[in-house]
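The next block holds one structure in the form of C-alpha cells; read it before the comments.
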Amino acid sequence: MKFTTESFIGLDVVQYDCLHDVSYPHGYVHASSSTTSDSSKPKEPTKKFPFTLDPFQSQAISCLENSESVMVSALASAGKTVVALYAIAMSLRDGQRVIYTSPIKAFSNQKYREFKEEFSDVGLMTGDVTIDPNAS
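Going by full-length UniProt numbering, the sequence shown opens with residue 1, and the numbers climb by one from there.
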C-alpha cells in the first residue's frame, strides 16, 4: 500500500524539549479511543520497569500493545532500548523469536550481555563470533 503525505494525520507533542511526532493513516481510530474495548479490567503490562516511562516510551508501548507498528528515533541514551525490551518481552511471551541488530560490534556485545541477563535464552552473531545461534 502506498501512502502519500496527505494520507497521514499527525500529532505533535512537545515535552522535555523533545518533539514527539505520531502519524496514523487518515481515518484511523486508535484502539485507546475505541468505545468497544472492555475497559472494566485493566490489562497487565507484559513487562514492568522500576522507573516512570517518558511520554514517547509510553506512547510506543501503547502502540505495541495495540498491535500497531512502531519506529523510535531518538538521540543516544534517550531510552529507545526500553521500547525494544518491551517489544522483545511481548514477542517471547507469544512464542516468537527476535532479531535485534546494531551498527557496531561493541554495541552488539553490550546488548548481548544485557539481554542475556534479562531473557536468558539469547544468542549473538557477528562477523567473527557466534554464540547460541538457535536462541529465541
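Glycine residues also receive a C-beta, built at the ideal position from the N, C-alpha and C atoms.
query	result
Spatially closest choice to Y28 from V72, E44, A84 and C63, by CA coordinates	C63
Nearest candidate by alpha-carbon position, reference V82, set R93, P133, T101 and F49	F49
The segment 91–100 in contact with the segment 64–79 per 3-pair CB rule at 8 Å	no
Where F115 falls, given that 16 or more other Cβ within 10 Å makes a residue buried	buried
Beta-carbon proximity list for I61, same chain, < 6 Å, skipping 5 on both sides	Y86
For L124 and S108, believed in contact at Cβ under 8 Å, the rounded distance	7 Å
Distance between beta carbons of A89 and T52, contact taken as under 8 Å	Not confirmed; about 18 Å, so no contact.
Cutoff 7 Å; reference Y112; Cβ partners in own chain excluding five residues on either side	V122 and L124
Member of F119, P55 and I131 whose CA lies at the smallest distance from the CA of S91	F119
Host alpha helix (DSSP H) of I99 (start-end)	First-last for I99: undefined, no H or E at that position.
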